[in-house]
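Heads up, the thing below is written out as structure tokens.
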């Protein structure tokens with residue numbers, strides 16, 4: 004059963020729930036951002052899979068990969084049961100299935116942006132999803148004028164809240180001034196760090212509405228058993 008808006012939504016990713024004060028804001032919109040190779044897609048897939056394992060249906064909407072390609076990631080994740088994607092616990096969709104494809108001089112129009120949000124809302128309701136992932140926002144927002152992009156993100160945030168569906172938006176890059184950041188209820192930044200010639204993934208919670216979250220940076224390891232994090236030592 005979905006929690007009511009304003010309460011905490013346990014992600015099932017124990018290390019994340021611990022550092023965000025018990026979970027994400029229920030019905031909230033959380034942006035997971037960072038450069039290529041930082042682990043954003045695997046993070047968002049684990050969010051959906053952990054929910055499905057707990058009986059919570061999820062919806063994954065990709066702007067990049069086809070559902071068939073996403074399924075090729077699953078054999079690498081020991082905790083992921085492919086049946087979750089076959090029995091409707093996790094539904095995979097592509098953004099091209101949303102809206103009509105209308106463009107005006109190469110740009111997504113306001114009416115098309117709202118049509119996409121409407122179709123996302125219908126997909127959430129049809130699948131009884133209480134978790135959603137949009138991976139990634141950049142390809143569609145780059146096709147919108149700035150004011151249309153803001154309206155799109157604001158409308159999507161309202162849909163998530165109204166449907167009590169807690170969503171992750173995946174954003175490529177280190178900038179934090181886009182509408183998917185400024186309008187988000189939370190921001191989790193993933194990045195890369197190099198120490199003594201070794202590459203590390205790093206996680207930091209930038210903001211999380213209504214939570215006294217940790218402000219520390221963590222070394223993150225994406226294992227076949229799931230996400231593992233440890234506090235980053237000073238001087239790292």
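Numbering (the working numbering), first residue to last: 4 to 239. Ideal Cβ placement from N, Cα and C applies to all residues, glycine included.
What do you reckon, are the CB atoms on residue i and residue j nearer than 9 Å?
i: residue 80; j: residue 45; result: yes
i: residue 26; j: residue 34; result: no
i: residue 30; j: residue 167; result: yes
i: residue 61; j: residue 94; result: yes
i: residue 137; j: residue 171; result: yes
i: residue 123; j: residue 159; result: yes
i: residue 203; j: residue 225; result: no
i: residue 64; j: residue 126; result: yes
i: residue 36; j: residue 221; result: no
i: residue 131; j: residue 66; result: no
i: residue 163; j: residue 209; result: no
i: residue 147; j: residue 92; result: no
i: residue 96; j: residue 85; result: no
i: residue 197; j: residue 235; result: no
i: residue 155; j: residue 120; result: yes
Which term fits residue i, buried or exposed, when burial requires 16 or more other beta carbons within 10 angstroms of its beta carbon?
i: residue 241; result: Nothing in the structure corresponds to residue 241, since the chain is present only between 4 and 239.
i: residue 183; result: buried
i: residue 4; result: Low confidence applies here, because residue 4 scores a pLDDT of 43, under 50, leaving its location unreliable; read the following figure in that light. Exposed, since its Cβ has fewer than 16 Cβ neighbours within 10 Å.
i: residue 57; result: exposed
i: residue 230; result: buried
i: residue 314; result: No information on residue 314 is available, as it lies outside the stretch 4 to 239 that the chain covers here.
i: residue 49; result: buried
i: residue 47; result: buried
i: residue 139; result: buried
i: residue 43; result: buried
i: residue 174; result: buried
i: residue 102; result: buried
Among the residues of its own chain, which have a CB less than 6 Å from the CB of residue i, if the five just before and after it don't count?
i: residue 211; result: 23, 189
i: residue 28; result: 188, 212, 213
i: residue 282; result: With the chain covering 4 to 239 only, the question about residue 282 has no answer from this structure.
i: residue 207; result: 192, 220
i: residue 32; result: 160, 163, 170, 187, 188
i: residue 70; result: 95
i: residue 233; result: 222
Please go through the same chain and pick out, in chain order, the residues whose beta-carbon is closer than 8 Å to the beta-carbon of residue i, but skip the five residues on each side of it.
i: residue 228; result: 81, 82
i: residue 176; result: 36, 37, 38, 141
i: residue 105; result: 111, 112, 114, 115, 118
i: residue 90; result: none
Quick one: what's got a C-beta closer than 7 Å to residue i's C-beta in the same chain, skipping five residues either side?
i: residue 6; result: With a pLDDT of only 49 at residue 6, under 50, the local geometry of the prediction cannot be trusted, and no value is derived from it.
i: residue 59; result: 133, 134
i: residue 40; result: 195
i: residue 152; result: 144, 182
i: residue 10; result: 29
i: residue 76; result: 48
Say the cut is 8 Å; is the CB of residue i nearer than that to a heavy atom of the ligand SAM?
i: residue 24; result: Looking for the ligand SAM in the displayed structure turns up nothing, as the structure carries no ligands at all.
Does the CB of residue i have a neighbour CB from chain B at under 9 Å?
i: residue 120; result: The structure shown has no chain B; it contains just one protein chain.
Q. Mind pulling the beta strand (DSSP E) runs of 3 or more residues that sit fully within the segment 148 to 189?
A. 169 to 175
Q | Any beta strand (DSSP E) of 3 or more consecutive residues that is wholly inside the segment 22 to 66 | A | 32 to 37, 61 to 65
Q: Only counting runs of 3 or more residues, tell me where the beta strand (DSSP E) segments fall wholly within the segment 55 to 124, in order along the chain.
A: 61 to 65, 93 to 97
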